[in-house]
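Residue numbers (mature numbering (1 follows the signal peptide of the UniProt record, and there is no 0)): -16 to -1, 1 to 299.
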């Protein structure tokens, strides 16, 4: 579980929540056809649900299912931001106070959502915790990899839960939600087929990571993460890294023990930059990884690109 978690809302911020109705949003907002300022429709939906997602990854997954039928707010939306250092604010709490449905990652990744929901006095909001939905738990003696949006079976489970929640609040559009979800899940199945193809050709090939963000995909592809656990844990938690562990990690590239480096572009520092340089100097492919959606991409395009990059790197 992360110790460098997304910023937790302070007590002063919580106390000021009722005063921020006029504030501008710090996240991204996608207004559905029935929202304020939305265009007229020949058959307008009787309700427009407000959905708040902790990151734009989950916001876009909802959009794949709901289209323009709901109003979606993604609290963390910048592709340049490090989600681990995000500072929640009063506008975020205001958005949560109006939410009909809230999607949080869980697993310690975005605990600020729970903190703000309690302060926002919105007990009626339907909260979907994706780690809980996944059914994943920490391995014996280990820690849970909370980056479950890189696990396609989990995203499929989330899709079913989103359809249920949306249909409960907007029964008039339930058939649309179900149809869109079926299309989206076909894409997820395609991604799983690609993973299986990679596994068939490259099972056991060594790879390295800077953080465990993409591990679910790499494992599904049958790849062997050779990164010392102490390295990725220190990078993720922002703790000191011993020279021995750094050397062991650099030797993976110097000794050509791995075929690719999955590099989290949203968190970097002296140690990760040394690892990146070692990969490049040894002509080992680098696969850029992010925790939120890159600009101009939706979830299917993003994940398709990630899988294509892995395939190209492996050769």
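Note that CB positions come from ideal geometry on N, CA and C, so glycine has one too.
Keep in mind the model is a prediction, meaning the values are calculated, not measured.
Practice prompt. Under 7 Å Cβ to Cβ from residue 113, same chain only, skipping five residues before and after it: list those, please.
Written response: Here the question's residue 113 lines up with position 129 in the chain shown. Around residue 113: 88 and 90.
Practice prompt. Provide the residue span of the alpha helix (DSSP H) that contains residue 34, from first to last.
Written response: What you label residue 34 is simply residue 50 of the chain shown in a count that begins at 1. No alpha helix (DSSP H) contains residue 34, which is instead part of the beta strand (DSSP E) from 34 to 39.
Item to complete: Name the residue from 253, 212 and 182 whose alpha carbon lies nearest to the alpha carbon of residue 290.
Response: Here residue 290 refers to the residue found at position 306 when the chain shown is read from its first residue. Ranking the options by Cα distance to residue 290, first place goes to 182.
Fill in: Close beta carbons around residue 136, own chain, < 7 Å, minus the five adjacent residues each side
Here the question's residue 136 lines up with position 152 in the chain shown. Counting only Cβ-Cβ distances below 7 Å, and skipping sequence neighbours, we find 172, 175 and 176.
Worksheet entry | Inter-residue spacing [alpha-carbon to alpha-carbon] between residue 68 and residue 115 | Position 84 of the chain shown holds residue 68. Position 131 of the chain shown holds residue 115. Rounded to the nearest angstrom, the two C-alpha atoms are 17 Å apart.
Item to complete: Could you check what DSSP says for residue 110 in three-state terms: helix, strand or coil?
Response: Reading the chain shown from its first residue, position 126 is the one you call residue 110. Reduced to three states, the DSSP call for residue 110 is strand.
Worksheet item: With a Cβ-Cβ cutoff of 8 Å, do residue 85 and residue 33 count as a contact?
Response: Your numbering for residue 85 matches position 101 in the chain shown. Your numbering for residue 33 matches position 49 in the chain shown. For residue 85 and residue 33, yes; Cβs fall inside 8 Å.
Practice prompt. Run the CB neighbour count on residue 292, radius 10 Å, all protein chains shown included, and call it buried at 16 or more, exposed below.
Written response: In the chain shown, the residue the question calls residue 292 occupies position 308. Burial call: exposed.
Discussion item. Here's the rule: buried if 16 or more other CB atoms are within 10 angstroms of the residue's CB, otherwise exposed. What is residue 240?
Written reply: Along the chain shown, one-based indexing puts residue 240 at 256. Looking at its Cβ environment, which holds fewer than 16 other Cβ atoms inside 10 Å, residue 240 is exposed.
Practice prompt. Between the Cα of residue 109 and those of 129, 283, 96 and 80, spot the shortest distance and give me the residue it belongs to.
Written response: Locating residue 109 in the chain shown gives position 125, counting from the first residue. Residue 80 is the option with its Cα nearest to residue 109.
Item to complete: Determine the DSSP secondary structure at residue 213, reduced to helix, strand or coil.
Response: As a working mapping, residue 213 is identified with position 229 in the chain shown. In the structure shown, residue 213 sits in a helix (DSSP, three-state: H, G or I).
Worksheet entry | Residues that DSSP places opposite residue 300 in a beta bridge | Here the chain has residues from -16 to 299 only, and residue 300 is not among them.
Worksheet item: So what's residue 186 in DSSP terms, helix, strand or just coil?
Response: On the chain shown, position 202 is the one that residue 186 refers to. Helix at residue 186.
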